[in-house]
Ligand SMILES: C[S@@+](CC[C@H](N)C(=O)[O-])C[C@H]1O[C@@H](n2cnc3c(N)ncnc32)[C@H](O)[C@@H]1O
């Protein structure tokens, strides 16, 4: 499991260039993945949403656009430079569109939130970075109201046919391109390691069930390189 101090400092180093690197390295697919996540959340009509590991806040902003005006959305992260990016983006947008949106510092392994305080929790490319997945899922379950929903968007193990090309890209091309964009090649060697070691859809489904969630189901996106899991508290 990743070392939280190293993860925090790594995201701190790449925060300024994080969005650009995301769009470039995914070939713009990150917009599509986020849209799928947000559409799934909107279908549940939650009264409020916690976007955990919000990073620079793109899921939180997309949620604000998709949900009824004023719906409370809290973006939470343990890396202050990422939250600073999110807040800078918020300050540059019209305030009336963002009523109810806030960004808060908090650790996904010990959420500074009361029990049963949200209808939905989203976790987009965050679970892979948590030092203890079981603890993180337990914390999410604690802060969800009974009947609330968890949405996990995360890398997954791709279809067999695309693996050689995909892993070549991840191991050799992505760190080089990312090194040029962010000046931090090491961060993207880490990305490759965590992606290759992350459970496949069936295993993650089991982990989410074992954490006490029900109605767990998942969808493969982009040849299975990414998966969207949904579950009920
Ligand atoms: C790959 S970024 C994802 C950001 C955003 N959700 C997105 O989809 O672009 C992962 C984020 O997880 C955050 N993170 C990792 N471990 C965390 C923890 N224990 N508590 C809160 N945030 C954490 C990092 O600081 C980073 O901002």
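Numbering (the numbering used here), first residue to last: -5 to 227. The C-beta atom is built at its ideal place from N, Cα and C for all residues, glycine as well. In this text the structure is predicted, and so the values were computed from the model without any measurement.
> For residue 31, which three-state DSSP category applies?
Replying inline: helix
> Taking C-alpha atoms, which residue in 219, 102, 82 and 95 lies nearest to residue 72?
Replying inline: 102
> Which residues bound the alpha helix (DSSP H) around residue 162?
Replying inline: 157 to 162
> Got a sec, what are the start and stop residues for the beta strand (DSSP E) residue 138 sits in?
Replying inline: 138 to 149
>> Going residue by residue through the stretch 71 to 110, where are the continuous beta strand (DSSP E) segments of at least 3 residues, counting only ones entirely within it?
In response: 95 to 99
> Between residue 90 and residue 200, what straight-line distance do the alpha-carbon atoms span, to the nearest angstrom?
Replying inline: 41 Å
> Based on Cα-Cα distance, which residue from -3, 8, -1 and -5 lies nearest to residue 178?
Replying inline: 8
> Taking C-alpha atoms, which residue in 219, 83 and 204 lies nearest to residue 54?
Replying inline: 83
> Taking the alpha carbon of residue 198 as the point to measure from, which residue in 36, 122 and 172 has its own alpha carbon closest?
Replying inline: 122
>> With three or more beta-carbon pairs closer than 8 Å as the criterion, would you say the stretch 172 to 192 touches the stretch 97 to 113?
In response: no
>> At the level of alpha carbons, what is the spacing between residue 225 and residue 170?
In response: 36 Å
> Going by the C-beta, is residue 172 closer than 8 Å to any heavy atom of ligand 1?
Replying inline: no
> Can you tell which of 106, 86 and 92 has its C-alpha closest to the C-alpha of residue 62?
Replying inline: 92
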